[in-house]
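To start, the structure itself, in structure tokens.
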Amino acid sequence: MYRLKRFEVNARHHLPIFFIGVLAGFLLFVNSAELYAEPFKLGPKKCQECHKAEAKVWSGTKHATSFKKIHKSKKAKKIVKAVGGKRMKKTALCASCHYTVAKKSASAKPKLVAGPSCESCHGAASEWISIHNKKAPKANKIEAASAKGMIWPSQLFDVAANCNSCHGLTKENLTGDNIKAMLDAGHPMNADFELVQYSQGSVRHRFYPPKVTENQAMTPAEMARMFVVGQAANLVSASAAVSKSSHAGYKAAQQKKIATATKLLESVAGQVPAAGKVVASPTADNGRALAAAIADKDLSGVVGENLPKKFK
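When you line the sequence shown up against the working numbering, it's residues -3 to 308, in that order.
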């Protein structure tokens, strides 16, 4: 009887502590789940609510129009089969670059809603769209949204690196075996991908103040900066990827990109030492440092003859 009473007394004292511990653990689990939740894409319609002019441009690009037809080609079907898939739109390896896979919420079922679109280039928006939509000083918005995964047009190196992940076949989810199977089945490998040529043609959407209704062409100085940073991103990407696959064509393409970018950056290094640092150590941090170093420079006199005359 004494022991039972002692247990009851102890229980009255310790049960509340026990439940507090359980509650704290539960809250910690919830917060951890939220902290490590993967950002997800919301789809182009969410962006079109404000960016109507940009959306109109996008709707006429191959990125947009490919959604209804790319999976129907014989080559696409052959590549899908080579990587172990049955349908291109159901194969995650293909969808990660060729489609926009969106969700209404973190727990919702993902759905293919478009070809490559806004978030393919600017990052999955679930975590940053509310920041982007707020009225706040632009510098504050850039810093806060970037921390949540947004890639701003002004962040040239990150824009270029993101393009390279798909156009250079360097995406993290691609294994060496995947790459070999894809290339052997006829998937293209473009060793000549260049950011200015691919971004300033049909996909250009530069509606900036004060001419917000005009899709503005880049000045030679702006184009030269993008060209140099794009080559830096090519070098960083190709240097990391050259050993990713043993496929001869893949290695040759990456080596060609390394050689092209190295030659260009070395020609600039006399005026911009940061370019030489990228050559010596091709890292993302050095690439971003180069972009910052030339932010106000006109290098068109140095690289002008290398700039593309025609755009995709």
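All C-beta atoms, glycine included, are put in the ideal place defined by N, C-alpha and C.
Residue environment analysis places serine 239 among the exposed positions, since fewer than 16 neighbouring C-beta atoms fall within 10 angstroms of its C-beta.
The shortest C-alpha to C-alpha distance from serine 233 to any of Thr279, His128, Ile127 and Glu115 is the one to Thr279. When C-alpha distances from phenylalanine 223 are compared across Lys207, Ala244, Phe203 and Ala291, the shortest belongs to Ala291.
Of the other Cβ atoms in all chains shown, fewer than 16 fall within 10 Å of the Cβ of glutamate 34; this residue is therefore exposed. At a Cβ-Cβ threshold of 8 angstroms, valine 79 and methionine 178 count as neighbours. When the five nearest sequence neighbours on each side are left out, the beta carbons in the same chain lying within less than 6 angstroms of the beta carbon of alanine 51 are those of Gln44, in order along the chain. Annotated three-state conformation of alanine 177 is helix, per DSSP. The C-beta distance from asparagine 158 to isoleucine 147 rounds to 6 angstroms, short enough to fall under 8 angstroms.
DSSP places valine 264 in the uninterrupted alpha helix (DSSP H) bounded by 244 to 264. Listed in chain order, the beta strand (DSSP E) runs fully inside the region 147 to 201 amount to none, counting runs of at least 3 residues. Residue nearest to glutamine 212 within the set Lys306, Pro106 and Ala49 is Ala49 (criterion: CA-CA distance).
If you draw a straight line from the Cα of glutamate 115 to the Cα of lysine 73, it is about 26 angstroms long. Three or more Cβ pairs closer than 8 angstroms define a contact, and the region 289 to 306 falls short of that threshold against the region 199 to 206.
With a threshold of 16 other beta carbon atoms within 10 Å, asparagine 136 falls short and is exposed. Under the three-state reduction of DSSP, threonine 61 is assigned to helix.
A residue is called buried once 16 or more other Cβ atoms fall within 10 Å of its Cβ, and aspartate 173, having fewer, is exposed. Looking at the DSSP output, threonine 215 shares a beta bridge with no other residue. Around the beta carbon of aspartate 154, a 10 Å sphere encloses 16 or more other beta carbons of the protein chains shown; the residue is thus reported as buried. Judged by DSSP in its simplified three-state form, lysine 107 adopts strand. Rounded to the nearest angstrom, the gap between the Cα atoms of proline 149 and glycine 197 is 16 angstroms. Separation of the CB atoms of threonine 96 and valine 109 is rounded to 5 angstroms, and the pair is thereby assigned contact status at 8 angstroms.
Secondary structure at valine 225: helix, using DSSP grouped into helix, strand and coil. Lysine 37 sits in a strand when the DSSP states are folded into three classes.
Under the three-state reduction of DSSP output, valine 232 falls in the helix class. Rounded to the nearest whole angstrom, the C-alpha separation of arginine 83 and lysine 70 is 12 angstroms. Sequence-distant Cβ neighbours of alanine 265 in its own chain, meaning closer than 8 angstroms and more than five residues away, are Ala271, Gly272 and Val275.
With a beta-carbon spacing of about 3 angstroms, alanine 156 and alanine 229 fall inside the 8 angstroms limit used to define contacts. Of the candidates Glu123, Ala60 and Ser103, the residue whose Cα lies closest to the Cα of histidine 94 is Ala60.
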